[in-house]
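So the sequence shown is numbered by our numbering: it starts at 1 and just counts up by one.
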Amino acid sequence: MSKNKTKFYAVALGIKPGVYDRWYGEEGAEAQVDGFPGARYQGFPTRKAAQAWLKEFQNPGLAVQAEETKTKTTGKKAGEKKSKKVKVVIYTDGGCIDNPGPGGYGVVLLYGKKRKELSAGYRKTTNNRMEIMACIEGLKTLKYPCSVTLYSDSQYVVNSIEKGWAKRWKRKGWMRNQVEPAENADLWAQFLDLCETHSVELKWVRGHAGNKENERCDQLATQAALNKKKLLTDTPYETGQTTVAGKTRPMFE
């Protein structure tokens, strides 16, 4: 057995190429190559050796070889959109103790055997804002474009995306009609941007009906809302001012 222990990892093709001093964790090499088509990486006993390999890999000849490898893996040439994306399942829930009032959201992300949970609480907000924010925070966690099935027990959220309501509000300058503004425009703008990055399909799941992951999201959201020491500020809601497309407008009119 070799006495040289791998301590550094060079990632030539991955989410964020570079040299890493750890394999596991969000800042490790594994997170950069896991699920990345045609990923190229290697371990080394010293940082110098890892940097030398990375520099050699990046020379013109190997760059062509790397692109050929990526093309064979993805079936696409440089500049073409990948036909296959990593599949991720996200469960979300949000709510308030009172409406409006202290609220929170909970998120469960599932990718293969991996699982991640997210939650946060706000001192004053609404049920609908927490439902939307749960979806936003779940999608923001993804480091590169994915194919996402997103479950929510909010018909308001699911219908606004799947039936195209949010896109219509955006086209109309965030107005529901000629006199009524679309509520939560700041959050819908973020949500729509994320749906452009990822392939997102929303599915409605009945709340409090025994779905394990939905129940877990509800638990996370409730716990976050009750944690008075860590409640955040939903600034647009509390100030009554929201910024959409670089313009500040009243939250409610």
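Each residue gets a CB set at the ideal place from its N, CA and C atoms; glycine is no exception. Fair warning: this is a prediction, and the values are worked out from it, not measured in the lab.
### Query
Under 8 Å, do His198 and Cys135 count as touching if we go by C-beta distance?
Cβ distance not < 8 Å, so His198 and Cys135 don't count as in contact.
### Task
Use the C-beta contact count for Thr125: other C-beta atoms within 10 angstroms, 16 or more gives buried, fewer gives exposed.
Thr125 is buried by the Cβ-count criterion.
### Task
May I have the straight-line CA-CA distance separating Leu231 from Ala39, to the nearest angstrom?
Put simply, the backbone Cα of Leu231 is about 40 Å away from that of Ala39.
#### Entry: Residue range of the alpha helix (DSSP H) that includes Leu109
Counting along the chain, Leu109 falls outside any alpha helix (DSSP H), though it belongs to the beta strand (DSSP E) covering Gly101 to Tyr111.
### Message
Looking at the strands, I want to know which residues DSSP matches up with Ile90.
### Response
Ile90 pairs with Leu109 and Leu150.
### Task
Determine the DSSP secondary structure at Glu183, reduced to helix, strand or coil.
Reduced to three states, the DSSP call for Glu183 is coil.
### Task
Classify Asp218 as buried or exposed, calling it buried when 16 or more other Cβ atoms lie within 10 Å of its own Cβ.
Within a 10 Å sphere around the beta-carbon of Asp218 sit 16 or more other beta-carbons, which makes this residue buried.
### Check whether Tyr111 and Ile15 have beta carbons under 8 Å apart
Contact flag unset, no.
### Query
Should the stretch 200–220 be regarded as contacting the stretch 92–99, the criterion being three or more beta carbon pairs within less than 8 Å?
The stretch 200–220 vs the stretch 92–99: in contact.
### Query
If you draw a straight line from the C-alpha of Tyr41 to the C-alpha of Lys116, how long is it?
Taking the Cα positions, Tyr41 is about 25 Å away from Lys116.
### Residue from Tyr105, Glu26 and Gln241 with nearest C-alpha to Thr221
Reading the sequence as shown, one finds Ala at residue 221 and not Thr. Of Tyr105, Glu26 and Gln241, the residue nearest in Cα terms is Tyr105.
### Message
For Gly18 and Gln190, what's the separation of their Cα atoms in angstroms?
### Response
Our two residues, Gly18 and Gln190, have alpha carbons roughly 30 Å apart in a direct line.
#### Entry: Contacting residues, own chain, Cβ-Cβ under 6 Å from Ile97 (five flanking each side not counted)
Setting aside the 5 residues that flank it on each side, Ile97 is surrounded in the same chain by Ala225, each with a C-beta closer than 6 Å to its C-beta; the list follows chain order.
### Message
Quick check: the Cα distance between Ala50 and Asp34, rounded to an integer number of angstroms?
### Response
When rounded, the distance between both Cα atoms is 19 Å.
### Message
Using only the alpha-carbon positions, how far apart do Trp23 and Gln178 sit?
### Response
Put simply, the backbone Cα of Trp23 is about 55 Å away from that of Gln178.
### Query
Ala52: buried (16+ other C-beta within 10 angstroms of its C-beta) or exposed?
Ala52 is exposed by the Cβ-count criterion.
### Query
Can you tell me the Cα-Cα spacing of Pro60 and Ala12, whole angstroms?
Bear in mind that a pLDDT of 40 at Pro60, under 50, signals an unreliable position, so the number given afterwards is only what the model happens to contain. Distance between Pro60 and Ala12, taken at the CA atoms: about 13 Å.
### Task
From the DSSP output, in three-state form, read off Thr126 for me.
In this structure, Thr126 counts as coil in the three-state DSSP scheme.
### Query
Among the residues of its own chain, which have a CB less than 8 Å from the CB of Ala31, if the five just before and after it don't count?
In the same chain as Ala31, and ignoring 5 residues on each side of it, the C-beta atoms closer than 8 Å to its own belong to Ile15, Gly25 and Lys143, in chain order.
### Query
Quick one, which of Lys48, Gly164 and Val108 has its alpha-carbon nearest Lys140's?
Among Lys48, Gly164 and Val108, the Cα nearest to that of Lys140 belongs to Val108.
### Task
Just the C-alpha distance for Lys82 and Asp193, rounded to the nearest angstrom, thanks.
In this prediction, Lys82 scores a pLDDT of 43, lower than 50, which makes its location untrustworthy; the coordinate-derived value is nonetheless stated afterwards. Cα to Cα, the separation comes out at about 19 Å.
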